[in-house]
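Trainee: Everything in the sequence shown is counted per full-length UniProt numbering, starting at 1 for the first residue and increasing by one. My structure is below; once you've seen it, I'll send some questions.
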Amino acid sequence: MKTICFVVPSFPSVTETFVTNHIIQAKIKGYRVNVLTKNKLGLEASSQQELLAEHRILDNTFIIDFKIPRNKTKRRFQSLILILKFFKYWKRTKDISIRERFSTLPFKLNFYNQLKKISVFHIQFGLAGFDIALMKSIGLLSGQIITTFHGYDAHFHNSEELRSLIMRYKRLMEESGHVTVNTPYLANKVKLMGCDYRKLRIIPMGVDLNFFQHSEEKKILKNLSIKLISVGRLIELKGFEYAIRSIKLLVENGYNIKYTIVGEGQDKEILQQLVSKLNIEEFVFIVGAKNQNEIKELLIENNIFLMSSITDSANRAEAQGVVTAEAQAMGLPVVAFRSGGVPYTILENKTGYLIDEKNIEKYAAAIMKLVENPVLYKKMSISAKHFASNNFNRKTLSSEFFGLYV
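As structure tokens, then:
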């Protein structure tokens, strides 16, 4: 069976569960799996500790370390030795400064020479793939390169930033046999960055439907507390400010609301201050980060999922948003802003509602519509499960990736 080397910036990560899920699926499929990262973290950094431990993924996770000596004399001597050792590859490098050719490139050649037998390099996040593409371009590595963009790695604010990305990704785009993205929204951005459309595949990030499932029928009762939930990093892009402001409108209209926000981030204090300013502390609860088991339990307890992501001040938007699929798999209808790739994760007016960005009045009205119509809510809940099962089954989507590992 082939050896697949997953190349990621950091591993494991609390927020990037989809990466861990696919790595585990590859191992279950029978592939030999390695993980290559610049920043190897412990199990405590993951929300999937049990899965990582069960499959011993960290045992095969290796740090990218070129072992460049700090001593200047020793560094120059070793560099010369390595240039001679890998001269046929060293001389082929192009578009690299003279300083890098002599200072770091020899040590990179020595490091990546260990990976010559790797069958496939699956780059998770384009920014992690520059060195692999370089080594492939000069013939040191022969393994196939598959690059998966997730969103932030394809962000540009203006035409100048786009031109910069085109130059940075040029070699990676050329050396990648396949480039995958999670939504048509992201596909359009990656094509603008110079990706050959013939290499491009749209494969959404899937969810574990054996885990994210709940057999009991979802109900909503207006006379009881209406439980709403969001999951995500507490940053501007996630738009929690607007979800919170919509809760204020619901409270003013007499609804008994409990809104739970799961996540940590730089805007936590700002959001807590907003909750206090709006005088809705008894209705909004920011509960911090949770692991996958805890998130599942919260999805069971709640009625409606609020996906409040927006286009932020840096012009970034959500590329997909796996959490909407997880919520729908658990039977929660979704109320979301029409932002980035989010519309591709919801069946509009059947599994949830899409509202123009930051329009809190219509956002609150969509929530009210579900609360006021138990029959509609039940129908949407059932449709949400079917939609998630048909479109975001992790096993099915992982098989699409496996089909590229040829």
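Even glycine gets a Cβ: it sits at the ideal position worked out from N, Cα and C.
Here's a check: name, in chain order, each residue in its chain whose Cβ is nearer than 8 Å to the Cβ of Ala-187, leaving out the five neighbours to either side.
Mentor: Taken in chain order, the residues that qualify are Val-181, Leu-200 and Ile-202.
Trainee: Check the C-beta distance from Asn-391 over to Pro-204 and give it rounded, since I have them as a contact under 8 Å.
Mentor: Sure, about 7 Å apart at Cβ, within 8 Å.
Trainee: Take Ile-226 as the anchor and find which of Asn-373, Lys-350 and Leu-52 has the nearest alpha-carbon.
Mentor: Nearest C-alpha to Ile-226: Asn-373.
Trainee: Between which two residues does the beta strand (DSSP E) containing residue 412 stretch?
Mentor: In the structure as shown, the chain starts at 1 and stops at 406, and residue 412 therefore has no counterpart that could be examined.
Trainee: By the three-class DSSP mapping on this structure, what secondary structure does Lys-38 have?
Mentor: Of the three classes helix, strand and coil, the one that applies to Lys-38 here is strand, per DSSP.
Trainee: Name the two residues that bound the continuous beta strand (DSSP E) containing Met-167.
Mentor: From DSSP, Met-167 is part of no beta strand (DSSP E) but of the alpha helix (DSSP H) over 159-175.
Trainee: Just the C-alpha distance for Gly-331 and Val-371, rounded to the nearest angstrom, thanks.
Mentor: Straight-line Cα distance between these residues: approximately 15 Å.
Trainee: Roughly how far, in whole angstroms, is the beta-carbon of Phe-212 from the beta-carbon of Glu-326, given that I think they are within contact range, below 8 Å?
Mentor: Yes, Phe-212 and Glu-326 are in contact; Cβ-Cβ is about 5 Å, under 8 Å.
Trainee: What do you reckon, are the CB atoms on Glu-175 and Ser-137 nearer than 8 Å?
Mentor: It is a contact, given that the beta carbons lie within the stated cut-off.
Trainee: If we ignore side chains and look at the alpha-carbon of each, how far apart do Val-190 and Ala-154 end up?
Mentor: Using only the alpha carbons, I get a separation of about 6 Å.
Trainee: How long is the line joining the alpha carbons of Ile-235 and Leu-250, rounded to whole angstroms?
Mentor: Straight-line Cα distance between these residues: approximately 23 Å.
Trainee: Apart from the five residues just before and just after Phe-402, which ones in its own chain have a Cβ nearer than 7 Å to its Cβ?
Mentor: Counting only Cβ-Cβ distances below 7 Å, and skipping sequence neighbours, we find Lys-29.
Trainee: To the nearest angstrom, how far is the alpha carbon of Leu-115 from that of Ile-64?
Mentor: So the two alpha carbons sit approximately 12 Å from each other.
Trainee: Helix, strand or coil for Met-307 per DSSP?
Mentor: Three-state result, Met-307: strand.
Trainee: Output the distance between the C-alpha atoms of Asn-71 and Phe-102, rounded to the nearest integer angstrom.
Mentor: Their backbone Cα atoms lie some 15 Å apart in a straight line.
Trainee: What number of angstroms, rounded off, separates the C-alpha of Ala-336 from the C-alpha of Gln-320?
Mentor: Roughly 12 Å between the two C-alpha positions.
Trainee: Given that a residue counts as buried once 16 or more other Cβ atoms are within 10 Å of its Cβ, and exposed if not, what is Thr-147?
Mentor: Counting Cβ neighbours within 10 Å, Thr-147 comes out buried, since at least 16 surround it.
Trainee: Alpha carbon to alpha carbon, how far is Glu-301 from Ser-217? Give it in angstroms, no decimals.
Mentor: The residue asked about is misnamed: residue 217 is Glu in this sequence, not Ser. Between Glu-217 and Glu-301, the C-alpha separation is close to 12 Å.
Trainee: Can you tell me which of Leu-209, Lys-258, Tyr-152 and Leu-237 puts its alpha carbon nearest to the alpha carbon of Leu-224?
Mentor: The candidate whose alpha carbon is nearest that of Leu-224 is Lys-258.
Trainee: Output the residue ranges of the beta strand (DSSP E) runs that lie fully inside the segment 201-254 and measure 3 residues or longer, sorted by chain position.
Mentor: With a minimum length of 3 residues, the continuous beta strand (DSSP E) runs that stay inside the segment 201-254 are 226-231.
Trainee: Apply the 10 Å Cβ neighbour rule to Glu-16 and answer buried if 16 or more other Cβ atoms are within range, or exposed otherwise.
Mentor: Burial call: buried.
Trainee: Can you give the Cα-Cα distance for Leu-274 and Thr-311, rounded to whole angstroms?
Mentor: If I take the Cα positions, the gap works out to 20 Å.
Trainee: The alpha helix (DSSP H) spanning Phe-381 covers which residue range?
Mentor: It is worth fixing the name first, because residue 381 is Ser in this sequence and not Phe. Element bounds for Ser-381: 374-391.
Trainee: Relative to the C-alpha of Ile-360, which candidate in Met-307, Ser-398 and Ala-314 has its C-alpha closest?
Mentor: The candidate whose alpha carbon is nearest that of Ile-360 is Met-307.
Trainee: Have a look at Glu-282 and Leu-51 and give me their C-alpha separation to the nearest angstrom.
Mentor: Looking at the two C-alpha atoms, the distance is approximately 36 Å.
Trainee: Run the CB neighbour count on Leu-172, radius 10 Å, all protein chains shown included, and call it buried at 16 or more, exposed below.
Mentor: So Leu-172 ends up on the buried side.
Trainee: What is the residue span of the alpha helix (DSSP H) that Ser-103 lies within?
Mentor: Residues 98-103.
Trainee: Please confirm whether Leu-271 and Ile-247 have their CB atoms less than 8 Å apart.
Mentor: Not a contact, by the Cβ cut-off of 8 Å.
Trainee: I need the boundaries of the alpha helix (DSSP H) containing Ile-83, first residue and last residue.
Mentor: Where Ile-83 is concerned, the enclosing alpha helix (DSSP H) stretches over 72-85.
Trainee: Tell me whether the beta-carbon of Val-19 lies closer than 8 Å to the beta-carbon of Gly-129.
Mentor: No, the Cβ-Cβ distance between Val-19 and Gly-129 is not below 8 Å.
Trainee: Can you tell me where the alpha helix (DSSP H) holding His-155 begins and where it ends?
Mentor: Run containing His-155: none; DSSP gives neither H nor E here.
Trainee: When the distance is taken between beta carbons, is Gln-292 closer than 8 Å to Ala-388?
Mentor: In this structure, Gln-292 does not lie closer than 8 Å to Ala-388 by Cβ.
Trainee: Could you pull out every residue in the same chain whose Cβ sits closer than 7 Å to the Cβ of His-214, ignoring the five residues on either side in sequence?
Mentor: Excluding residues within five positions, the ones whose Cβ falls inside 7 Å are Ile-300, Met-330 and Gly-331.
Trainee: Measuring CA to CA, which of Phe-11, Leu-82, Phe-77 and Lys-91 is closest to Ile-57?
Mentor: Of the listed residues, the one whose Cα sits closest to Ile-57 is Phe-11.
Trainee: Would a C-beta distance cut-off of 8 Å place Leu-141 and Tyr-112 closer than the cut-off?
Mentor: Yes, these two residues count as a Cβ contact at 8 Å.
Trainee: Starting from His-22, trace the alpha helix (DSSP H) both ways and give me its first and last residue.
Mentor: 17-29 is the span of the alpha helix (DSSP H), which, as asked, contains His-22.
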